[in-house]
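S.K.:
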Amino acid sequence: MTPRVTVVGSVNMDLVATAPTLPRPGETVLGDGFSTVPGGKGANQAVAAARAGAACRFVGAVGEDTFAGELRANLAAAGVDTERLRSTPGPSGVALIAVDAAAENLIVVAPGANATLTALTDADRAAITAADVLLCQLEIPLDTVVQAAAAARDAGVSVVLNAAPARPLPAALLQAVDLLVVNQGEAAAIAGIGEQDPSRLLDALLAHVPRVVMTLGAAGAAYADRDGQRLDVPAPRITAVDTTAAGDAFTGALALAWAQRRPIADTLRWACAAGAVCAQRHGAATALPTRAEIDQMYAQTYGGAP
């Protein structure tokens, strides 16, 4: 059966400028390119999961501006069910993104309609409880993420939380999480410590959640759980051109593999392969890979079929 993933999260239009270097505070730099690209961590991860092969539903909000139609169409074109994507008065979410020649980026998000997603309807909850996995991020109101996770937990649906952007999280949310996905900065914010050593961060997070995946950029990913399992997976060797949506590609593919209950080593390798394919392209949603592309990168890097 096709794995079912429901994503509750944000959808933005990304306004992307490229430049040789990123500006420092108070500095203006001359760019060399500009594009508008559908994005938002929630929408990106929904598209990533759908392109990887999931039956994906999206719960979110767009405004009533010129971006709204394109944002909705982008999700639908990837095969994401948008029945629970509501429209609200005012602007859609927007992300202002600067990318330099080394593929590093700076991002400022204006939430727009995402901030209006303050409560779930009965139909939203039905979309959550019908899934194999609920996937959430933190670009919508935190209370709504808590509501979604609680609905999933009560229905026996696995909860995957990508805790980005970084912030302290309430116990009610952490207690509902089955798998936490973070980078090192997000891990430190949740744990409330300044530690940057991955092993110590994983130990600190396991006091709050049963399983953690920590992304390590070009170094790959690390996994730990309360049963004592530890695993480090290297990333494919690539030349990155834009890392804007690489984490979303990783997380969307991870959610699908988690729904399929693949072995954790295979799950992490497949997610790393998805992130690597994405990082070799410019843009956000437009850079997210298909299942065939992920499988090809997996085979080239790790050997064999996933």
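In this note's numbering, the protein residues as written are 272 to 577. Cβ coordinates follow ideal geometry from the N, Cα and C atoms, glycine included. Computed from a predicted model, the values in this text were never measured in an experiment.
Looking at the structure shown, is residue 330 part of a helix, part of a strand, or coil, going by DSSP?
M.R.: Three-state result, residue 330: strand.
S.K.: Please return the same chain residues whose Cβ sits closer than 7 Å to the Cβ of residue 460, not counting the five positions on each side in sequence.
M.R.: Hits under 7 Å: 437, 438, 439.
S.K.: Could you tell me if the beta carbon of residue 577 falls within a distance shorter than 7 Å of some heavy atom in the ligand FMN?
M.R.: The ligand FMN is not part of the structure shown, which contains no ligands of any sort.
S.K.: Under 8 Å: do the segment 286 to 303 and the segment 333 to 348 share three or more Cβ pairs, one atom per stretch?
M.R.: Counting Cβ pairs under 8 Å, fewer than three are found: no touch.
S.K.: Could you compute how far the alpha carbon of residue 291 sits from the alpha carbon of residue 298?
M.R.: So the alpha carbons of these two residues sit roughly 14 Å apart.
S.K.: Give the C-beta separation of residue 455 and residue 509 to the nearest angstrom, bearing in mind that I take them to be a contact with Cβ-Cβ under 8 Å.
M.R.: Actually they do not touch by this definition, with Cβ atoms about 20 Å apart.
S.K.: Alpha carbon to alpha carbon, how far is residue 466 from residue 368? Give it in angstroms, no decimals.
M.R.: Their Cα atoms are separated by approximately 28 Å.
S.K.: In its own chain, which residues sit with a C-beta less than 7 Å from the C-beta of residue 572, not counting the 5 before and 5 after it?
M.R.: The answer, listed in chain order, is 507, 544.
S.K.: In this structure, does DSSP put residue 492 in helix, strand or coil?
M.R.: Three-state DSSP puts residue 492 in a strand.
S.K.: Are the beta-carbon atoms of residue 277 and residue 357 separated by less than 8 Å?
M.R.: Their beta carbons are not under 8 Å apart, which means residue 277 does not touch residue 357 by this criterion.
S.K.: Please look up how many angstroms separate the CB atoms of residue 492 and residue 473, rounded, as I've assumed it's under 8 Å.
M.R.: Not a contact, Cβ separation roughly 11 Å.
S.K.: Assign residue 500 to buried or exposed, taking buried as 16 or more other Cβ atoms, counted over all protein chains shown, within 10 Å of its Cβ.
M.R.: Its Cβ having fewer than 16 others within 10 Å, residue 500 is exposed.
S.K.: Quick check on the DSSP output: what are the complete beta strand (DSSP E) runs of length 3 or more inside the segment 442 to 520, in order along the chain?
M.R.: If we require 3 residues or more, the beta strand (DSSP E) runs fully inside the segment 442 to 520 come out as 450 to 454, 482 to 486, 492 to 496, 501 to 504.
S.K.: Can you give me the Cβ contacts of residue 394 inside the same chain, cut-off strictly under 7 Å, excluding the 5 residues immediately before and after it?
M.R.: Within the same chain, residue 394 has close Cβ partners 355.
S.K.: Residue 557 to residue 321, Cα distance in whole Å?
M.R.: Cα-Cα distance, rounded: 13 Å.
S.K.: Suppose contacts are defined by Cβ-Cβ distances below 8 Å. Is residue 485 in contact with residue 453 by that definition?
M.R.: It is a contact, given that the beta carbons lie within the stated cut-off.
S.K.: Does residue 533 come out as helix, strand or coil in the three-state DSSP assignment?
M.R.: Coil.
S.K.: Would you mind stating whether residue 408 and residue 312 have Cβ atoms separated by less than 8 Å?
M.R.: Cβ distance < 8 Å, so residue 408 and residue 312 count as in contact.
S.K.: Can you check which of these residues, 425, 426, 427, 412, is closest to residue 441 by C-alpha distance?
M.R.: Closest by alpha carbon: 412.
S.K.: Span of the alpha helix (DSSP H) holding residue 315?
M.R.: Start and end: 312 to 323.
S.K.: Let me know if residue 457 comes out buried or exposed under the rule of 16 or more other beta-carbons within 10 Å of its beta-carbon.
M.R.: With 16 or more Cβ atoms within 10 Å of its Cβ, residue 457 is classed as buried.
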